[in-house]
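Numbered per the working numbering, the sequence shown spans residues 366 to 681.
Ideal placement from N, C-alpha and C gives every residue a C-beta, glycine not left out.
Below is one structure, written out as structure tokens, with a few remarks after it.
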Amino acid sequence: MFSGSSTFVSEVDQAFLFILIISVIFFVGIVFAMIYFVVRYHHKKNQTVSQSSGNLTLELLWTVIPTILVLAMFYYGFIGYRNMKTIPPDALEIQALGRMWSWLYTYENGYQTDTLTVPVGKPVKIRVESADVLHSFYIPAFRIKQDAVPGMKNYVWFEATETGTFDIFCAEYCGDRHSYMLSLVKVVPQEEYASWYDGTAQFASAASGGAAGGGAERKPGSRGPMLVKIKGCVACHSIDGSPLVGPTFKGVFGHQVAVITDGKEREILADEEYLRRSILEPQTDRVKGFENIPMPPQNLTEEELAEIIAYIKELQ
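The structure is reproduced here in structure tokens:
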């Protein structure tokens with residue numbers, strides 16, 4: 366607690382500690398009072414007891430005191446909530462797209478990555494979206510969490526106060542590999558971030574179809590490793606032959622594959638046409654032995670699709 370990784374840490378932890386202390390005091394007090402009453406007023410034979418119709422002082426105390434405490438808890442919580450929802454106008458904006466089962470971050474220049482990099486001491490606005498099911502963008506060290514809801518654009522912001530690398534989780538169960546939906550946020554000095562951001566321009570151009578490195582001709586499939594990573598393919602499909610939620614990419618091209626088509630089993634050749642159809646229409650020919658799990662839409666361009674297919678062909 367009070368680690369100081371972001372500007373929200375102090376107020377969130379203070380509210381938590383206040384509620385925790387009050388809860389512990391009441392828990393201990395009530396338990397000891399119950400034990401005392403059990404011992405002090407346990408039933409005795411032939412005992413004459415007095416009857417009381419009420420006690421105004423006690424009734425006022427156990428009404429007023431809890432009301433004050435609840436209002437104090439509300440105050441602490443509301444102040445923190447208000448600060449979290451008031452986004453500074455000069456904040457950097459980055460999109461965080463949740464999809465089964467990875468996070469994709471898109472910067473204002475179009476650069477995409479699966480690791481979030483931000484400057485220290487600068488407010489950062491995260492636009493949280495989902496490509497498929499419910500997810501939740503959660504950075505425990507910064508004390509922030511925001512749901513990613515399909516069809517909605519939600520926002521959360523933070524300002525990191527120290528450099529370092531911190532974990533990012535999905536805090537909403539989203540399927541078989543929910544626990545694998547991990548990412549990192551790297552907080553760097555502002556000068557280092559400015560230099561890094563300027564250097565991403567060539568990669569952003571390459572990802573959108575431009576040629577990095579002065580227009581040099583690229584080998585077909587050279588962007589494949591980057592694309593299958595940032596598009597989230599490797600969250601379900603391995604490139605080393607190991608089994609995941611979906612079939613591996615390694616060694617599939619040029620071989621016969623057992624698939625289920627319209628409820629019937631058949632074998633087809635995994636050629637370029639099959640790879641293209643499996644990416645664009647993954648439910649058409651489902652590989653035998655794997656569940657029919659919906660694949661999130663990727664909005665691939667023709668060039669990106671060709672690069673991924675060329676890369677899969679190389680994985681022999």
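Checklist entry - What three-state label does DSSP hand Ala576 in the structure shown? => result Locating residue 576 in the sequence shown gives position 211, where the first residue counts as 1. At Ala576, the pLDDT of 49 sits below 50, so the modelled position is not reliable and the matter cannot be decided from this model.
Checklist entry - When burial is assigned at 16 or more other CB atoms within 10 Å of the CB, is Trp468 buried or exposed? => result If you number the sequence shown from 1, residue 468 lands on position 103. The residue is buried, with at least 16 neighbouring Cβ atoms inside 10 Å.
Checklist entry - Does the segment 388-400 come within contact of the segment 537-551, defined as at least 3 CB pairs closer than 8 Å? => result Three or more beta-carbon pairs separated by less than 8 Å are not found between the segment 388-400 and the segment 537-551, which leaves the two stretches without contact.
Checklist entry - Counting Cβ pairs closer than 8 Å, one from the segment 390-407 and one from the segment 468-485, do we hit at least three? => result Too few Cβ pairs lie closer than 8 Å, so no.
Next on the checklist: Between which residues of its own chain and Ala536 is the CB-CB distance below 6 Å, once the five residues before and five after are set aside?
Outcome noted: Translated into positions along the sequence shown, residue 536 becomes position 171. If we look at Ala536 and ignore the five residues flanking it on each side, its Cβ neighbours are Ser501, Tyr503 and Lys510.
Item to check | Three-way DSSP call (helix, strand, coil) for Asp532 in this model | outcome: Here residue 532 is taken as the residue at index 167 of the sequence shown, counted from 1. Three-state result, Asp532: strand.
Item to check | Residues of its chain near Thr565, where Cβ-Cβ distance is below 6 Å and the 5 sequence neighbours each way are ignored | outcome: Here residue 565 refers to the residue found at position 200 of the sequence shown. Excluding residues within five positions, the ones whose Cβ falls inside 6 Å are Tyr476.
Item to check | Gly579 burial status per 10 Å Cβ neighbour count (16 or more: buried) | outcome: For this step, residue 579 is matched to residue 214 along the sequence shown. Confidence in Gly579 is poor, its pLDDT being 47 and thus under 50, which makes the residue's placement unreliable; the coordinate value appears in the next sentence. Around the beta-carbon of Gly579, fewer than 16 other beta-carbon atoms lie within 10 Å, marking it exposed.
Next on the checklist: Is Ile677 near the ligand ADP - that is, is its Cβ less than 7 Å away from at least one heavy atom of it?
Outcome noted: Only the bare structure without any ligand can be found here, which leaves the ligand ADP out of the picture.
Item to check | As assigned by DSSP and simplified to three states, the class of Ser388 | outcome: Counted from its first residue, the sequence shown places residue 388 at position 23. If DSSP states are grouped into helix, strand and coil, Ser388 belongs with the helices.
Checklist entry - Taking DSSP as the reference, what is the three-state secondary structure of Phe523? => result Here residue 523 refers to the residue found at position 158 when the sequence shown is read from its first residue. Phe523 sits in a strand when the DSSP states are folded into three classes.
Item to check | Proximal residues to Glu557 (C-beta, below 6 Å), its chain only, five neighbours per side dropped | outcome: Here residue 557 refers to the residue found at position 192 of the sequence shown. If we look at Glu557 and ignore the five residues flanking it on each side, it has no Cβ neighbours.
Item to check | Cβ shell of Gly597 (< 6 Å), same chain only, five flanking positions each side left out | outcome: As a working mapping, residue 597 is identified with position 232 in the sequence shown. Same-chain partners within the cutoff: Arg464 and Ser467.
Next on the checklist: If you follow the alpha helix (DSSP H) that Ala559 is in, where does it begin and where does it stop?
Outcome noted: For the purposes of this step, residue 559 is taken as residue 194 along the sequence shown, with counting starting at 1. Where Ala559 is concerned, the enclosing alpha helix (DSSP H) stretches over Gln555 to Gly564.
Checklist entry - Considering Ile673, what are the terminal residues of the alpha helix (DSSP H) in which it resides? => result Position 308 of the sequence shown, counted from the first residue, corresponds to residue 673. In the DSSP annotation of this structure, the continuous segment of the alpha helix (DSSP H) that includes Ile673 starts and ends at Glu667 to Glu679.
Next on the checklist: Just list the residues that DSSP pairs Leu462 with in beta bridges.
Outcome noted: Residue 462 sits at position 97 when you count from the first residue of the sequence shown. Leu469 and Glu494, per the DSSP bridge assignment.
Checklist entry - DSSP beta-bridge partners for Lys510? => result Indexing the sequence shown from 1 puts residue 510 at position 145. Beta-bridge pairing links Lys510 to Tyr503.
Checklist entry - Rounded to a whole number of angstroms, what is the C-alpha to C-alpha distance between Phe523 and Asp512? => result For the purposes of this step, residue 523 is taken as residue 158 along the sequence shown, with counting starting at 1. For the purposes of this step, residue 512 is taken as residue 147 along the sequence shown, with counting starting at 1. Their backbone Cα atoms lie some 15 Å apart in a straight line.
Next on the checklist: Would Ile595 and Asp479 be called neighbours here (beta carbons separated by less than 8 Å)?
Outcome noted: Looking up residue 595 in the sequence shown gives position 230. Looking up residue 479 in the sequence shown gives position 114. Less than 8 Å separates the beta-carbon of Ile595 from that of Asp479.
Item to check | Residues of its chain near Leu592, where Cβ-Cβ distance is below 7 Å and the 5 sequence neighbours each way are ignored | outcome: As a working mapping, residue 592 is identified with position 227 in the sequence shown. Around Leu592: Glu669, Glu672 and Ile673.
Checklist entry - What are the residues that DSSP puts in a beta bridge with Lys629? => result The residue labelled residue 629 in the question sits at position 264 within the sequence shown. Beta-bridge pairing by DSSP links Lys629 to Thr626.
Checklist entry - When the Cα of Val622 is compared with those of Glu646, Ile400 and Gly654, which residue comes out closest? => result Start at 1 with the first residue of the sequence shown, and residue 622 comes out as number 257. Per the C-alpha coordinates, the member of Glu646, Ile400 and Gly654 positioned closest to Val622 is Gly654.
Checklist entry - Do you know how far the Cα of Gly394 is from the Cα of Leu436? => result Indexing the sequence shown from 1 puts residue 436 at position 71. Indexing the sequence shown from 1 puts residue 394 at position 29. Taking the straight line joining both Cα atoms gives about 21 Å.
Checklist entry - To the nearest angstrom, how far is it from the Cα of Gly442 to the Cα of Ala380? => result As a working note, residue 442 is residue 77 in the sequence shown. As a working note, residue 380 is residue 15 in the sequence shown. Rounded to the nearest angstrom, the two C-alpha atoms are 6 Å apart.
Checklist entry - In terms of residues, what are the limits of the alpha helix (DSSP H) holding Thr432? => result Taking the first residue of the sequence shown as 1, we reach residue 432 at position 67. Note, Thr432: alpha helix (DSSP H), Leu421 to Lys450.
Checklist entry - Going by beta carbon distance, what residues of the same chain come within less than 8 Å of Glu376, once the five residues before and after it are set aside? => result As a first step, residue 376 must be located in the sequence shown, where it is residue number 11. Spatial neighbours of Glu376 in its own chain (CB-CB distance under 8 Å, excluding positions within 5 residues in sequence) are listed in chain order as Tyr441, Ile444, Gly445 and Asn448.
Item to check | Buried or exposed by the 16-neighbour rule on C-beta atoms within 10 Å, applied to Lys682 | outcome: Coverage of the chain is limited to positions 366 through 681, which leaves residue 682 absent and any answer about it impossible.
Item to check | Nonlocal neighbours in the same chain, by C-beta distance under 8 Å from Gly616, ignoring five residues either side | outcome: To locate residue 616, count along the sequence shown from 1; it is residue 251. Sequence-distant Cβ neighbours of Gly616 in its own chain, meaning closer than 8 Å and more than five residues away, are Gly606, Leu680 and Gln681.
Checklist entry - Can you tell which of Gly516, Tyr520 and Lys551 has the C-alpha that lies nearest to the C-alpha of Glu527? => result Sequence index remark: in the sequence shown, residue 527 carries index 162 (1-based). Out of Gly516, Tyr520 and Lys551, Lys551 has the C-alpha closest to the C-alpha of Glu527.
Item to check | Three-state secondary structure (DSSP) of Leu481 | outcome: To locate residue 481, count along the sequence shown from 1; it is residue 116. Three-state DSSP puts Leu481 in a strand.
Checklist entry - What are the start and end residues of the alpha helix (DSSP H) that includes Arg542? => result Stepping through the sequence shown from its first residue, residue 542 is reached at position 177. Here Arg542 belongs to no alpha helix (DSSP H), and DSSP marks it neither H nor E.
Next on the checklist: DSSP three-state label for Ser548, please.
Outcome noted: As a position in the sequence shown, residue 548 is number 183, starting the count at 1. DSSP places Ser548 in strand when its eight states are reduced to three.
Checklist entry - What separation, rounded to the nearest whole angstrom, lies between the Cα atoms of Val483 and Leu457? => result As a working mapping, residue 483 is identified with position 118 in the sequence shown. As a working mapping, residue 457 is identified with position 92 in the sequence shown. In this model, Val483 and Leu457 are separated by some 9 Å (Cα to Cα).
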